[in-house]
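Structure first, then comments.
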Amino acid sequence: KRSLDRVPEKMTGEEAIRRFHSHKEPPINMLNEAMTDKEAEDDWMAKIPGCDLVERVFKLAKEDGLDLTKFKRSMQVLLLACRRAITLFHADKNSATTRIKPIMGSKLWLVSSNNSVEGLKSFAEEGTPPSDTFVMLVEEGYEMIHSGMTIHSVETCDRSILFCYEYLDSRAMLSILKQTLLELEHDNITNDDHHEDLLIFFDYAMKLWMEDLANNKHELWPDEKYLAEAKETLERIREKSSSSN
C-alpha cells in the first residue's frame, strides 16, 4: 500500500526463503505468493452460486477476447509467515469473502464483530482498531471463512503456510462496490492495492446482473431496488480511479 507504515520491503526470492527459515532475524510476512494452477483450481467454494462470480466474469470476458486470468489468480494466493509476524488491522480488499486453509503452522485472527459499512467507515476515518473484537485460532486441519467488510489483524504463532481464497459474491455486489469506493477515499482500509483489471471486472459483473434479472435469476444478486445505487457507485469508483492515476 501507499501508506508509509505498510510499504513492503523488497528482497530476492532466495533472501525471502532464507528469512522464512531463520530463527534469528526479524520475522517475514509474505502475503501475495502465487499458487500453482492445481492448487488454485482445487476450490470447492468457487462453485457455489454467487461465489462463482469471478469465474462467470472470466468466461464472459473470454468470449470477447479478454484474458482475466491474472485477475482471477490475484484472488488465490499463498500466505507465508514466520513466528511473531503480524498483519495490522484491515479489511480484505473489495469486500471479498475470504477462505483460509492452513497447510502448516497456526495463526491468531483478531476479528471485529461489526462488519457493516458504518463500522468500516468508522475504522477508515478514525484510523484506530475496533474494540468489539474476538480471537480465533486458525491451524492446520481446519478452515476459516469470514465475510466481506470483516476488520481483522493476524499474528503468526508458528511458521506457517496458508492457502487464501477470496470471493467476490454476486449477492453482495452493492457492498463490494461500496467498500471499493471507501478504499479509494481511505487508503488505510485494506493492505492490498486494487487490481489493474478491477473496473473491467465490475463492468462485466454489472452486465451479468442485468442478464440474470432478465432471466429471473434474482436470487444471485441484491434486490433489484439497489441496482440504480450500484450503478451510481460504480461511476463514482470510475471517477475516483481516474483522478488517482
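In this text, residue positions in the sequence shown follow the numbering used here: the first is 1037, and each later residue adds one. Just so you know, even glycine gets a beta-carbon here, dropped at the ideal spot from N, CA and C.
Would you check if the distance between the CB atom of residue i and the CB atom of residue j is smaller than 8 Å?
i, j, result
"PHE1170", "SER1149", "yes"
"ALA1208", "GLY1184", "yes"
"LYS1106", "ASP1228", "no"
"VAL1093", "ILE1136", "no"
"PHE1199", "MET1071", "yes"
"LEU1089", "SER1206", "yes"
"PRO1166", "ILE1187", "yes"
"MET1066", "ALA1076", "no"
"LEU1144", "CYS1193", "yes"
"GLY1086", "LEU1256", "yes"
"ARG1274", "LEU1235", "yes"
"HIS1254", "GLU1260", "yes"
"LEU1217", "LYS1276", "yes"
"VAL1113", "GLU1069", "yes"
Starting from residue i, trace the alpha helix (DSSP H) in both directions and tell me its first and last residue.
i, result
"ASP1073", "1073-1077"
"LYS1209", "Note that residue 1209 is Met in the sequence shown here, rather than Lys. It spans 1209-1221 - the alpha helix (DSSP H) in which MET1209 sits, taken as one unbroken run."
"LEU1096", "1089-1099"
"MET1246", "1234-1250"
"LEU1263", "1263-1280"
"ARG1109", "1105-1109"
Around the C-beta of residue i, are 16 or more other C-beta atoms found within 10 angstroms, so that it is buried, or is it exposed?
i, result
"ALA1266", "buried"
"SER1280", "exposed"
"GLU1202", "buried"
"ASP1079", "buried"
"SER1110", "buried"
"TYR1240", "buried"
"ASP1084", "Residue identity differs from the one stated: residue 1084 is Ile in this sequence, not Asp. When all chains shown are included, ILE1084 counts as exposed."
"SER1196", "buried"
"ALA1250", "exposed"
"LYS1108", "buried"
By Cβ distance below 6 Å, which residues in the same chain neighbour residue i in space, the five residues on each side in sequence not counted?
i, result
"PRO1063", "CYS1118, ARG1120, ALA1121"
"GLU1219", "ILE1225, THR1226"
"ARG1055", "GLU1061, ILE1064"
"HIS1182", "THR1134"
"MET1047", "none"
"SER1278", "none"
"MET1081", "CYS1087, ARG1135"
"SER1210", "The displayed chain sequence assigns Leu, not Ser, to residue 1210. Result list for LEU1210: PRO1258, TYR1262, ALA1266, in chain order."
Could you tell me the boundaries of the beta strand (DSSP E) in which residue i lies?
i, result
"ARG1195", "1187-1203"
"ILE1181", "1180-1182"
"THR1123", "1122-1127"
"GLU1069", "1065-1070"
"ALA1052", "No beta strand (DSSP E) contains ALA1052, which is instead part of the alpha helix (DSSP H) from 1049-1057."
"LEU1116", "1112-1117"
Grab me the residues of residue i's own chain with a C-beta within less than 8 Å of its C-beta, minus the 5 sequence neighbours each way, in chain order.
i, result
"LYS1214", "SER1131, VAL1153, THR1269"
"TYR1178", "PRO1138"
"LEU1244", "LEU1089, ARG1092, VAL1093, LEU1096, SER1206"
Which residues in the same chain have their Cβ closer than 7 Å to the Cβ of residue i, if we skip the five residues on either side of it in sequence?
i, result
"LEU1204", "LEU1089, VAL1090, ASN1130, ALA1132, ILE1212"
"ASP1168", "SER1148, SER1149, ASN1150"
For residue i, verify whether its CB is less than 7 Å away from any heavy atom of the ligand MN.
i, result
"PHE1056", "This structure lacks the ligand MN, and indeed carries no ligand of any kind."
For a minimum of 3 consecutive residues, which ranges assigned as the beta strand (DSSP E) are wholly contained in the region 1129-1177?
1133-1148, 1169-1175
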